[in-house]
Every structure is written in structure tokens, then in C-alpha cells.
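J.:
There are 2 protein chains.
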Amino acid sequence: MARLRVSNFGLSLDGYGAGPGQDLEHPLGVGGEAVHAWAFGTRGFNAMHGQPGGETGVDDDIFAEGFDHVGAWIIGRNMFGPDRGPWGSDPWRGWWGENPPFHVPVFVLTRYAREPLALDGGNTFHFVTDGPQAALARALEAADGKDVRLGGGLATIRQYLQAGLIDELHLALAPTLLGRGESLFESLDAAALGYRCHRTVPGAGATHVYISRTG
Amino acid sequence: MARLRVSNFGLSLDGYGAGPGQDLEHPLGVGGEAVHAWAFGTRGFNAMHGQPGGETGVDDDIFAEGFDHVGAWIIGRNMFGPDRGPWGSDPWRGWWGENPPFHVPVFVLTRYAREPLALDGGNTFHFVTDGPQAALARALEAADGKDVRLGGGLATIRQYLQAGLIDELHLALAPTLLGRGESLFESLDAAALGYRCHRTVPGAGATHVYISRTG
Numbered sequence: 000m001a002r003l004r005v006s007n008f009g010l011s012l013d014g015y016g017a018g019p020g021q022d023l024e025h026p027l028g029v030g031g032e033a034v035h036a037w038a039f040g041t042r043g044f045n046a047m048h049g050q051p052g053g054e055t056g057v058d059d060d061i062f063a064e065g066f067d068h069v070g071a072w073i074i075g076r077n078m079f080g081p082d083r084g085p086w087g088s089d090p091w092r093g094w095w096g097e098n099p100p101f102h103v104p105v106f107v108l109t110r111y112a113r114e115p116l117a118l119d120g121g122n123t124f125h126f127v128t129d130g131p132q133a134a135l136a137r138a139l140e141a142a143d144g145k146d147v148r149l150g151g152g153l154a155t156i157r158q159y160l161q162a163g164l165i166d167e168l169h170l171a172l173a174p175t176l177l178g179r180g181e182s183l184f185e186s187l188d189a190a191a192l193g194y195r196c197h198r199t200v201p202g203a204g205a206t207h208v209y210i211s212r213t214g
Numbered sequence: 000m001a002r003l004r005v006s007n008f009g010l011s012l013d014g015y016g017a018g019p020g021q022d023l024e025h026p027l028g029v030g031g032e033a034v035h036a037w038a039f040g041t042r043g044f045n046a047m048h049g050q051p052g053g054e055t056g057v058d059d060d061i062f063a064e065g066f067d068h069v070g071a072w073i074i075g076r077n078m079f080g081p082d083r084g085p086w087g088s089d090p091w092r093g094w095w096g097e098n099p100p101f102h103v104p105v106f107v108l109t110r111y112a113r114e115p116l117a118l119d120g121g122n123t124f125h126f127v128t129d130g131p132q133a134a135l136a137r138a139l140e141a142a143d144g145k146d147v148r149l150g151g152g153l154a155t156i157r158q159y160l161q162a163g164l165i166d167e168l169h170l171a172l173a174p175t176l177l178g179r180g181e182s183l184f185e186s187l188d189a190a191a192l193g194y195r196c197h198r199t200v201p202g203a204g205a206t207h208v209y210i211s212r213t214g
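Below you can see the structure in the form of C-alpha cells.
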């Protein structure tokens with residue numbers, strides 16, 4: 000059955016998925032790169048960005064699994080770009096250039112309507128203004144039996160967690176402290192929502208934990 | 000050089016070291032046992048409580064290391080007992096019976112003066128009313144060159160972290176979500192205080208991370 004999955008989501012030891020001060024210069028927030036260092040070092044990440052080299056092993060295998068069997072993505076507007084408010088006459092086209100790494104339809108949550116944006120490599124961005132449930136319904140339909148992967152940012156993941164809509168949440172616990180930033184679990188009672196950790200896999204650059212709903 | 004260490008400190012994936020509603024029936028807070036399950040299962044923990052059996056391996060080795068080279072403890076009043084306020088005429092004597100597992104002097108932070116309490120096995124509790132710095136000075140002197148181990152509760156550890164007095168913080172990340180409770184890092188910028196994670200060790204029941212100050 001098709002699932003809504005969060006994969007390869009880096010989290011610091013103090014619970015932050017992004018640093019403070021996210022902007023054009025700091026798309027992951029100040030210091031936020033550290034929670035993704037485990038991924039940046041893998042062969043899979045390098046290959047995806049046209050670079051040779053990188054580590055193989057558990058982290059690389061898990062990084063690759065995050066893209067397996069994914070038929071559509073949902074992302075928040077903050078993951079799509081740094082700008083806010085109405086799109087304007089020359090709107091932002093994503094962080095990823097003309098051939099983004101998704102290669103499937105991507106549904107972007109926003110309050111501002113916009114025509115779909117078709118880039119190379121099967122990357123079409125659809126802008127959804129009627130909320131997370133509607134975005135999930137459209138993404139599941141587009142995924143055609145495959146899973147829907149939920150990207151960031153933190154606010155988007157928290158929104159879907161609160162609604163109990165996430166089937167599996169894979170966190171990569173990075174051996175770093177950010178000190179400040181956007182917290183995943185603060186004031187969000189995932190246990191009461193039925194989420195449990197069912198698997199832990201140690202990697203060289205992160206400890207991977209898998210959380211899903213039970214019962 | 001003698002250090003102030005936190006050892007074997009269980010933390011949930013959502014950052015809680017104890018559950019909500021700590022009282023006589025729930026000394027670890029509701030659900031708080033889950034963050035210590037990795038320790039409860041070890042041979043060392045069982046032996047300490049006069050029970051046979053238990054797992055050997057990484058978790059057991061690390062549990063034992065937490066007691067190596069420790070010459071004194073500091074604990075908060077909430078770890079010493081469930082009561083609050085003045086001690087009264089028949090004061091609480093600790094959770095641990097007549098032969099507690101410390102076997103060295105234990106300094107209890109409290110606002111209420113009390114004569115030292117000497118129990119069996121080298122367990123003498125000293126009640127310190129002039130604050131964490133004074134407790135540390137007394138504990139270091141009593142430890143006579145060995146380390147001082149800092150127990151809980153969370154408020155006590157946060158207080159020493161904020162003051163930059165902890166030399167090493169060993170967290171056992173338990174594969175559990177508590178949902179609510181006492182957070183270790185919320186609104187506490189450990190990175191800005193100079194703390195870094197320098198070691199990760201995967202165990203069967205928890206992932207062990209070691210945090211210390213640099214520079």
C-alpha cells in the first residue's frame with residue numbers, strides 16, 4: 000500500500016532539523032549543514048549532483064533507499080524557496096536548477112496559486128493552495144501506487160505529524176548540537192499520536208531511526 | 000584531572016530525560032522507564048540490585064564505565080526524593096534503602112539544611128544549601144582526584160550545563176518517544192556554550208553519544 004514517508008531527515012542531538020536564520024545564503028539555516036553531513040558524504044548524494052566519489056556503506060544504502068519506490072513528493076514552500084508572499088512576475092524556480100533531483104511530480108504547499116512549473120527530467124512542480132490533506136490526495140494519485148515522500152521544512156513535517164498522516168518517519172540522528180533552530184518534536188506529542196520507534200540502524204555519519212504509527 | 004561527568008543519562012528521541020508527573024509512584028515520571036530500559040537489561044544493573052542475569056555487551060560495558068573512577072556524586076533534591084519543602088521530623092532517606100548503589104559521598108542540592116545522612120556501604124548524603132558551585136567544590140574535594148558524577152534530575156543537569164561546569168555528558172539515546180516530560184536541551188544552547196559531540200557508540204538498547212566542551 001502506498002505510504003506517506005519522510006526519509007533521510009537529519010536531526011541534531013538537541014532536536015533541530017534546521018538552524019536559525021534560514022535565508023538565500025543559508026537554505027538550511029545557520030549551521031544546518033551539520034545535520035546533513037552524513038548524506039553529503041555518500042556516493043549516492045555525489046552521483047545525484049554529478050560528482051564522482053563518496054562513501055559507500057550503511058549511510059549510502061539508506062540515502063538511496065530514500066528515493067526508492069517514490070512516485071511523488073510533497074514539500075513546503077520554505078523548502079521550495081527563500082521568498083515569501085505572492086509569487087510576483089518572475090517567480091522563484093526552486094533551489095535545484097533546471098534538472099532537480101526529484102524526477103517525479105512535486106506538490107508544493109502554498110497560500111498563493113501558481114501555474115505548474117515543468118522543468119527537465121520529469122520534475123513538475125504543482126502549487127497546492129487547499130491544504131495538506133488535498134496535497135496528499137493529489138500526490139497519492141500522481142504516485143500511482145508508489146509512496147509519497149514528504150520533504151521539509153520542519154513546519155510542514157510537524158503539520159503532517161500532528162494530523163497523523165505520516166506512515167513512516169526516518170530520522171538520521173547526526174552527532175552534532177545546533178543549539179538553536181527549528182525543533183521537530185517541541186510541543187508535539189508524537190507518542191500520544193501513536194508513533195513508536197521500531198528500528199535503529201547505526202551508520203558511520205548518523206544513527207538512523209524509523210518511527211511509524213501502530214494500532 | 001578530575002572531571003564533572005554525567006554518565007548513563009537516558010534520553011528519548013524527542014529529547015526527554017523523564018516523563019511528566021514525577022511522584023512517589025512514578026520516580027522517573029510517567030513512561031520514563033523507557034529511556035532507561037537499555038540499562039535495566041544489563042548484567043551490571045542486575046548485579047547492583049542483587050539480581051542474577053542480564054545482558055553483556057556494549058550497553059553493559061558502558062553502564063559499568065559510568066561507575067568507574069567516580070569519587071563523589073552530586074544529585075538534585077528531585078533525584079533524592081519525591082517530597083518538597085522543609086525536611087520535617089521524619090525526613091525521607093532516599094529511594095535506595097539502607098545500602099544505596101553510590102558507595103561514595105553524595106552531595107544533594109537543596110534549599111533546606113539538614114545533617115548528613117550516613118547509610119551503609121560508604122553512602123553518606125550531604126545536603127548542600129549554598130548552590131551548585133559550592134556543591135561541586137565540596138564534591139571535588141571529597142572525590143580526592145577521582146571524577147565527580149552528576150546525577151539528575153533534568154533541572155540539575157541543565158543548571159550545570161548552563162554554567163559550563165560539565166566536562167563530559169554521556170547520553171544514552173533510547174529508541175522511544177515520550178511525547179511529554181522534562182526536556183534536556185529546550186531553550187538551552189549547548190553549542191554556544193562550546194559543547195560538541197565527539198563520539199558515538201551503538202549499543203543494543205541505546206545509542207551512546209559523548210558530548211564535551213572544546214576550546
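Residue numbers (numbering that gives the first Met the number 0), protein chains in the order written: chain A, 0 to 214; chain B, 0 to 214. All residues carry an ideal CB built from backbone N, CA and C; glycine is no exception. Here the structure is a predicted model, which means the values were calculated and not measured.
(1) How is A:P201 classed by DSSP in three states: helix, strand or coil?
(2) Between which two residues does the beta strand (DSSP E) containing B:A206 stretch?
(3) Please check the pair B:A173 and B:L10, which I expect to be a contact at CB under 8 Å, by giving their CB distance rounded to whole angstroms.
(4) State the start and end residues of the unbroken beta strand (DSSP E) segment that holds B:E24.
(5) First and last residue of the beta strand (DSSP E) that includes B:L45?
(6) For A:D188 versus A:R2, is the C-beta distance shorter than 8 Å?
(7) Return the residues of the stretch 178-192 of chain A that lie within a Cβ-Cβ distance of less than 7 Å from chain B, sorted by chain order.
(8) Determine the chain A residues that contact B:L153 at a beta-carbon separation under 9 Å, and present them in chain order.
(9) Look at the alpha carbon of B:E185 and the alpha carbon of A:E185, and state the distance between them as a whole number of angstroms.
(10) Based on the DSSP output, what are the partners of A:W91 in its beta bridges?
(11) May I ask which residues mark the beginning and end of the beta strand (DSSP E) holding B:I61?
(12) According to DSSP, A:L10 sits in a beta bridge with which residue or residues?
(13) Going by beta carbon distance, what residues of the same chain come within less than 6 Å of B:Q21, once the five residues before and after it are set aside?
(14) If I measure Cβ to Cβ from B:G75 and keep anything under 7 Å in the same chain, skipping five residues before and after, which residues do I get?
(15) 8 Å is my cut-off, CB to CB: does B:D13 come that close to chain A?
(16) Kindly indicate which three-state DSSP category A:W37 falls into: helix, strand or coil?
(17) Could you check whether the Cβ of B:R42 sits closer than 8 Å to any Cβ belonging to chain A?
(18) Measure the C-alpha to C-alpha separation of B:L176 and A:D89 and round it to an integer number of angstroms.
(19) From A:G87 to A:T128, what does the alpha carbon distance come to, in whole angstroms?
(20) At what residues does the beta strand (DSSP E) containing A:L135 begin and finish?
(21) Put A:Y111 into one of helix, strand or coil per three-state DSSP.
(22) Under 7 Å from any heavy atom of the ligand ATP, does the C-beta of A:S182 make it?
(23) Grab the span of the alpha helix (DSSP H) containing B:L153 for me, first residue to last.
(24) Evaluate the contact criterion for the stretch 110-123 of chain B versus the stretch 30-41 of chain B: three or more CB pairs, one atom per stretch, below 8 Å.
(25) Put B:F79 into one of helix, strand or coil per three-state DSSP.
(26) Please report whether the beta-carbon of B:V208 lies at a distance below 8 Å from any beta-carbon of chain A.
(27) Taking a contact to mean a Cβ-Cβ separation below 8 Å, would you say B:G70 touches B:A162 in this structure?
(28) Whose Cβ in chain B lies nearer than 8 Å to the Cβ of A:T55?
(29) Assign B:G16 to one of three DSSP states: helix, strand, or coil.
(30) Can you look up B:E97 in the DSSP assignment and give me helix, strand or coil?
(31) Pairs of beta-carbons, one from the stretch 52-66 of chain B and one from the stretch 199-212 of chain A, closer than 8 Å: are there three or more?
(32) Just the C-alpha distance for A:E181 and A:G16, rounded to the nearest angstrom, thanks.
(33) Please confirm whether A:P81 and A:L23 have their CB atoms less than 8 Å apart.
(34) At the 8 Å Cβ level, is B:P174 part of the contact set with chain A, yes or no?
(35) Taking buried to mean at least 16 other C-beta atoms within 10 Å of its own C-beta, is B:M78 buried or exposed?
(36) Could you check which residue in B:H102, B:G144 and B:P131 has the C-alpha nearest to that of B:F124?
T.: Considering the structure as presented:
(1) strand
(2) Per the sequence shown, the amino acid found at residue 206 of chain B is Thr instead of Ala. It spans T206 to R212 - the beta strand (DSSP E) in which B:T206 sits, taken as one unbroken run.
(3) 7 Å
(4) Note, B:E24: premise wrong, no beta strand (DSSP E); not H, not E.
(5) Sequence check: residue 45 of chain B is Asn here, not Leu. Here B:N45 belongs to no beta strand (DSSP E); instead the alpha helix (DSSP H) covers R42 to M47.
(6) no
(7) G178, R179, F184, E185, D188, A189, A190 and A191
(8) Correct list: empty, because the minimum Cβ distance to chain A is about 14 Å.
(9) 8 Å
(10) None; A:W91 has no bridge partner.
(11) From DSSP, B:I61 is part of no beta strand (DSSP E) but of the alpha helix (DSSP H) over V57 to E64.
(12) A:L172
(13) G28
(14) L108, G151, G152, A154 and T155
(15) yes
(16) helix
(17) no
(18) 44 Å
(19) 16 Å
(20) Premise fails: A:L135 lies in the alpha helix (DSSP H), P131 to A142, not in any beta strand (DSSP E).
(21) coil
(22) Within the structure as shown, the ligand ATP is missing, as the structure has no ligands at all.
(23) L153 to Q161
(24) no
(25) helix
(26) yes
(27) no
(28) Ordered by position in chain B, no residue passes the 8 Å Cβ test against A:T55, which lies about 19 Å from the chain.
(29) strand
(30) coil
(31) no
(32) 6 Å
(33) yes
(34) yes
(35) buried
(36) B:H102
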